[in-house]
Amino acid sequence: MPSSLPTVGSCLQQYSEELSKMSPKARFVPAGQCLTAYGRRQGQSFRNVFDSSRPRSIVDALTCLNVDINVEDVVHPKADRIQLIYNAFCTQILGVPEKSLSELPFDCNCNSETAELHQRSIPLTLLFTTMRCFTTDFGDESCDFTMCDLLNPQPKRTRRLLSLLADFTNFNMKASHIFEKTVAEYDEARQAVNAAQERVRLAEERRNALRSGLDLRKRKENEVLVELSAKQER
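Dropping the structure here:
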């Protein structure tokens, strides 16, 4: 690639800065829509409604990720398993495209000698950036996501983070039903409005056609009257 392109490091920094400026709804569109549809009680976050703090509750809530999560992943977390769980959560629950977790959205200058290193580090950094944004938006002050949570997960911190994911997943499932119902009701109302507008349009067309017919008839009547008047004058 041309040497004028930015480096991988600068692209990662730019991506992180741009993502951090977005609102939660803009970052995670499906999750943001569900938040809007479900609504949050004043002074009460979804974590006050759902509380999956026990390992078994966490596993039950995150089974929908289809990564064979088990209690061992919560109690004795390993980096590869935790990264897999976080990745599945981002793509399946938050609706983040898989491409956004594997490729930078910018062209960059990648040295051939470090290409393999970047190939491994870019997805990890993108996953870290996404998870950090999520925990900042939806977690409490104790959920300060760090790179260590991906590379060297500690049981206590991992359990707290997975608890946040489990609570949000439970919330998302309930909110999704309400969101889908709201969308269906909106679509039905929109169709009714469109049908009414179409009836109005057709009625206006008929009215205009009648007016045109009346105008034509009046013109012909006037022409006939003019002809009769002219004949009488002769």
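So the sequence shown is residues 1 to 234, counted in UniProt numbering. All residues carry an ideal CB built from backbone N, CA and C; glycine is no exception. Keep in mind the model is a prediction, meaning the values are calculated, not measured.
Establish whether the CB of Glu98 and some CB of chain D are separated by less than 8 angstroms.
-> The structure shown contains no chain D; it is built from a single protein chain.
Taking Phe134 as the reference, give the member of Phe168, Leu225 and Cys148 with the closest Cα.
-> Here the closest residue by C-alpha is Phe168.
At least three beta-carbon pairs within less than 8 angstroms, the region 156 to 171 to the region 181 to 199 | No contact exists between the region 156 to 171 and the region 181 to 199.
Neighbourhood of Ser53 by C-beta, 6 angstroms cutoff - its chain only, sequence neighbours within 5 removed = Taken in chain order, the residues that qualify are Ser163.
With DSSP as the reference, label Asp167 as helix, strand or coil.
-> Here Asp167 sits in helix by DSSP.
The region 118 to 128 / the region 83 to 97 touching (three or more Cβ pairs under 8 angstroms) = Of all C-beta pairs linking the region 118 to 128 to the region 83 to 97, three or more are shorter than 8 angstroms, placing the two stretches in contact.
Can you name, in chain order, every residue of its own chain whose Cβ lies under 6 angstroms from the Cβ of Asp73, other than the five neighbours on each side?
-> Arg81, listed in sequence order.
How about Pro77 and Pro153: do their beta carbons lie closer than 8 angstroms?
-> Yes, the pair counts as a contact, with Cβ atoms nearer than the cut-off.
For the alpha helix (DSSP H) that contains Arg57, what are its first and last residues?
-> Arg is not the amino acid found at residue 57; the sequence shown has Ser there. Residues Pro55 to Leu62.
Secondary structure at Glu204, three-state DSSP: helix, strand or coil?
-> Residue state, collapsed to three classes: helix.
C-beta atoms of Asn172 and Ile58 nearer than 8 angstroms | Against a cut-off of 8 angstroms, the Cβ pair of Ile58 and Asn172 comes out as no contact.
Alpha carbon to alpha carbon, what distance is there between Glu198 and Ser229?
-> Taking the CA atoms as reference points, Ser229 sits about 46 angstroms from Glu198.
Lys218, DSSP secondary structure in three states | Secondary structure of Lys218 (DSSP, three-state): helix.
First and last residue of the uninterrupted alpha helix (DSSP H) at residue 241 = Past the edges of the chain, shown from 1 to 234, lies residue 241, and the structure says nothing about it.
Distance between beta carbons of Leu62 and Ala175, contact taken as under 8 angstroms | Not really, about 17 angstroms apart at Cβ, beyond 8 angstroms.
Pull up the distance between the alpha-carbon of Met131 and that of His177, whole angstroms please.
-> In a straight line, the C-alpha of Met131 is about 24 angstroms away from that of His177.
Can you tell me whether DSSP reads Met147 as helix, strand or coil?
-> Looking at Met147 - three-state DSSP - the assignment turns out to be coil, as it is neither helix nor strand.
For His177, three-class secondary structure by DSSP = It is helical.
Can you list, in chain order, the residues of its chain whose CB lies under 7 angstroms from that of residue 248, leaving out five sequence neighbours each side?
-> Lying before the first or after the last residue shown, residue 248 is absent from the chain, which here runs from 1 to 234.
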